[in-house]
Amino acid sequence: MALRHHLTQLEASAPPVVRPGSSSYAGNVSRAATPAAIVSLPDLMVYRQSRRSERVSATEYKQLMDQIRAVKLERQTMLDPYVANLKLARLWDRLHDTARCLENYESACQVMTEKELARIPPEMLEEVLEKQRLRRRAALHFLFSRALQRKQREEAADLLSKFIELALPEDRLKDVAYVDRILREQEYIEDPTLASPDEITFAIRNTNSLGHLTDLRFKLLKELLASSPTDPYLIESVANIHVRRGEFAAAEELTSRFVELPPVKRISLYGTLAELRFGL
Numbered sequence: 048m049a050l051r052h053h054l055t056q057l058e059a060s061a062p063p064v065v066r067p068g069s070s071s072y073a074g075n076v077s078r079a080a081t082p083a084a085i086v087s088l089p090d091l092m093v094y095r096q097s098r099r100s101e102r103v104s105a106t107e108y109k110q111l112m113d114q115i116r117a118v119k120l121e122r123q124t125m126l127d128p129y130v131a132n133l134k135l136a137r138l139w140d141r142l143h144d145t146a147r148c149l150e151n152y153e154s155a156c157q158v159m160t161e162k163e164l165a166r167i168p169p170e171m172l173e174e175v176l177e178k179q180r181l182r183r184r185a186a187l188h189f190l191f192s193r194a195l196q197r198k199q200r201e202e203a204a205d206l207l208s209k210f211i212e213l214a215l216p217e218d219r220l221k222d223v224a225y226v227d228r229i230l231r232e233q234e235y236i237e238d239p240t241l242a243s244p245d246e247i248t249f250a251i252r253n254t255n256s257l258g259h260l261t262d263l264r265f266k267l268l269k270e271l272l273a274s275s276p277t278d279p280y281l282i283e284s285v286a287n288i289h290v291r292r293g294e295f296a297a298a299e300e301l302t303s304r305f306v307e308l309p310p311v312k313r314i315s316l317y318g319t320l321a322e323l324r325f326g327l
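Using my numbering, the first residue of the sequence shown is number 48, and each one after it goes up by one.
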């Protein structure tokens, strides 16, 4: 009984095993954290769905229109005028004016021209450029979230790539992991007319592509794997995509890095058998 009790304690104190694709991995903040100052995709989706049925009261409409006029006036004196577009986009969104909202989010993605940069005092240039980076990332996040919801996959992949490119060097891998967390929930075949497995296989082999989003995810996973070559989730994920693409040799080379031991049953059960067999 003492051995069984000891083994049970060892099992309880052991860290949980994070399996590839498990919820434990998805919730691992250190590896797939939502970037700072960015609303996470699931929160954004719930937020937008809950607002569709809301109506703006006359009082709120007047207040929002007053804010819009004030931002337009403020824009004329801003060092980065596109910051105003980001503010306007959010205000038009609250008024449920989709056209003006999108127009301003797209403007908020722009880079300041050389003429606009020349007006900025040298001592303030670094600060303004950093705010420009954050402004563009916020706008791109909204746009790629919307594109994913509307299944505009090619546009979403392009916007996601731009979003990642704006990450600071020290934050890039965190952003890549964040985007992987989003993309792994997407279907890897993007053509709904492909009804049979044979049609899907033929399309993959013929184009050497799994679709815009999965191709992007494949690229990002390989980047993560290069930085963490022993990560089991990354090895399995990259190998699985190699298999989907029919690249069996590449998948075998990757998975043969390690010898996978057969799954071990619970240690407490082993302890029970040991007691019965040896009388421990």
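From the three backbone atoms N, C-alpha and C, an ideal C-beta is built for every residue, glycine too.
For the pair residue 164 and residue 134, the Cα-to-Cα distance works out to about 20 Å.
Counted as a single uninterrupted DSSP element, the alpha helix (DSSP H) harbouring residue 244 occupies residues 244-254. In the three-state DSSP reduction, residue 163 falls in the helix class (H, G or I). In terms of Cα proximity to residue 141, the closest of 121, 201, 129 and 115 is 115.
Residue state for residue 304 is assigned as coil, using DSSP reduced to three classes. From the listed residues 196, 182 and 269, the smallest Cα separation to residue 210 is found for 182.
Distance from the Cα of residue 205 is smallest, within the candidate group 188, 219, 218 and 286, for 188.
Residue 123 counts as exposed, since fewer than 16 other beta carbons sit within 10 angstroms of its beta carbon. Residue range 219-230 is occupied by the alpha helix (DSSP H) that includes residue 221.
DSSP places residue 103 in the coil class of the three-state scheme, outside both helix and strand. Under the DSSP assignment, residue 171 falls in the alpha helix (DSSP H) whose first and last residues are 169-196. According to the DSSP assignment, residue 278 belongs to no alpha helix (DSSP H), since it is labelled neither H nor E. Taken through DSSP and simplified to helix, strand or coil, residue 143 comes out as coil.
Residue state for residue 285 is assigned as helix, using DSSP reduced to three classes. Residue 263 counts as buried, since no fewer than 16 other beta carbons sit within 10 angstroms of its beta carbon.
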